[in-house]
Amino acid sequence: MPQTVKGVIARSKDADVEVVDIVVPDPGPGEAVVKVHTCGVCHTDLHYKQGGINDEFPFLLGHEAAGVVEAVGEGVTEVAPGDFVILNWRAVCGQCRACQKGKPWYCFATHNAKQKMTLTDGTELSPALGIGAFIEKTLVAAGQCTKVDPEADAAAVGLLGCGVMAGFGAAVNTGGVGMGDSVAVIGCGGVGNAAIAGAQLAGATTIVAVDIDDEKLDAARRFGATHTVNSGKTDPVEAIKEATGGFGADVVVEAVGRPETYEQAFYARDLAGTVVLVGVPTPDKQVTLPMIEIFGRGGALKSSWYGDCLPSRDFPMLVDLYRQGRFDLDAFVTEKIGLGDIEKAFEKMERGEVLRSVVVL
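In structure tokens form, the structure reads like this:
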């Protein structure tokens, strides 16, 4: 029987979010219903609310979630009722050309649940990133569920579902940070600080954090930054070079998504260094660089999709590191809130007052 539960929607562009009744169907073939325990408030949800992703309103917001599988549909073997899972928005197909080449983190045919959750009047909802987890129970593709250690704190490990994984993976998976490397991270929100934590865990010896907010830079030090630069007061390119013996960093992670910060990242890397773009730009943003500089510096200019992660591989590993006290996911949780507090959480996010507000259901 379909269930009616409480969830949070954005009904129209820039309208305040609403807590409403939502109908969740029974899982069909390849689908699962998950009882949501926690869901982080991510900047992507705000983009949806503001119409910055697309105009397929109303949106069921939320995607950075952990919970317990309640029911599964026909043919599901990945998970079973009772499993504690983190939700992901890139369920790999296993069949496309990327998957067949052994690079499933680039899967070109990721999928979501085929059925739609609806309002009580039958209006279909568009779930954020194919998940929609600001809700008591959600319907997803079974491949969007990754089973992890049930003893882990849901509020912390649920953040691997988006921002923390994106930042950690940008440094470790995409950037390939290794022992003794120098790293710079431009933008020290949740994603940037996760990149810093990942670089430290991977063995980087010099980690330069760049932001315009001194409080965020203080937080970056707690995550492992060895140097901090307020780019509103100091030229970040020169400061990064000074911290790396005049050469520039081996890997520079751009976690802002703006042309000016990308240009800083480009010029702040060492010869043959790597730039990783993980900050999400809006469609109107463009960057112009001299081709001779691109040619003459060598190295690599990369973008990072979801930290180039493979959830089935990376989520359990990172949860284990968290449980061992080696990866401090708790430090990303600024506050725990209820479903009715999400609009205020968006306001705090825009003011830069939180790394993550986490909804606890």
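Mapped onto UniProt numbering, the consecutive letters of the sequence shown carry residue numbers 1 to 361. Idealized CB from N, CA, C, for every residue including glycine.
- By the Cβ test, the stretch 20–39 is in contact with the stretch 133–140, since at least three Cβ pairs between them sit closer than 8 Å.
- Residue burial is scored here from C-beta neighbours: ILE294 has fewer than 16 other C-beta atoms within 10 angstroms and is therefore classed as exposed.
- DSSP, read as helix, strand or coil, puts VAL229 in strand.
- Bounds of any beta strand (DSSP E) do not take in CYS99; it lies within the alpha helix (DSSP H) bounded by 97–100.
- For ARG323, the enclosing alpha helix (DSSP H) begins and ends at 311–323.
- For ARG269, the enclosing beta strand (DSSP E) covers residues 269–277.
- A distance below 8 Å separates the beta carbons of CYS39 and GLU64.
- Between the alpha carbons of GLY352 and LYS216 lies a gap of roughly 8 Å.
- Look at ALA109 here: in three-state DSSP terms it is coil, with no helix or strand label.
- When C-alpha distances from THR4 are compared across LEU61, GLU136 and LYS348, the shortest belongs to GLU136.
- Distances from the alpha-carbon of SER357 to those of LYS285, ASP45 and GLN286 put ASP45 closest.
- In this structure ILE9 touches PHE59 by the C-beta definition: roughly 6 Å separates them, less than 8 Å.
- Around ALA152, the same chain offers VAL319, TYR322 and ARG323 as residues with beta carbons nearer than 7 Å, after the five sequence neighbours per side are excluded.
- The DSSP-derived three-state label of LEU329 is helix.
- Under the DSSP assignment, VAL164 falls outside any beta strand (DSSP E), being part of the alpha helix (DSSP H) whose first and last residues are 163–169.
- One Cα belongs to VAL191, the other to VAL164, and the distance between them is close to 6 Å.
- With respect to the 8 Å criterion, ALA184 and ALA249 are classified as neighbours on the basis of their beta carbons.
- Around the beta carbon of GLU254, 16 or more other beta carbons sit within 10 angstroms, so the residue counts as buried.
- By the Cβ neighbour-count rule, SER12 is exposed, with fewer than 16 other Cβ atoms within 10 Å of its own.
- DSSP lists ALA65 and VAL359 as the beta-bridge partner residues of CYS39.
- Between the stretch 220–232 and the stretch 171–181, the count of Cβ pairs shorter than 8 Å is below three; the stretches do not touch.
- Per DSSP, reduced to three states, the secondary structure at ASP341 is helical.
- For LYS302, the enclosing beta strand (DSSP E) covers residues 300–303.
- Per DSSP, reduced to three states, the secondary structure at GLN3 is strand.
- One thing to note: GLU70 has its Cβ within 8 Å of the Cβ of PRO81.
- DSSP lists no bridge partner for VAL237.
- Contact annotation, ALA197 with GLY224: C-beta distance approximately 6 Å; criterion of less than 8 Å satisfied.
- Here ASP153 carries a coil assignment [DSSP, helix/strand/coil].
- Short of 7 Å from the beta carbon of GLU124, and not among the five residues preceding or following it, lie these beta carbons of its own chain, in chain order: LYS116 and THR118.
- In terms of Cβ geometry, ALA155 and GLY62 do not form a close pair [threshold 8 Å].
- Contact between ASP16 and GLU343 holds: CB atoms are separated by about 5 Å, below the 8 Å threshold.
- Taking the CA atoms as reference points, LEU355 sits about 20 Å from GLY325.
- Closest in C-alpha terms to ASP149, from the list ILE86, ASP21, ALA98 and GLY257, comes ILE86.
- Cβ neighbours of ALA265 within its own chain (closer than 6 Å, five residues either side excluded): ILE186, VAL252, GLU254 and VAL275.
- Here ALA91 is actually not in contact with THR77; their C-beta atoms are around 14 Å apart, not less than 8 Å.
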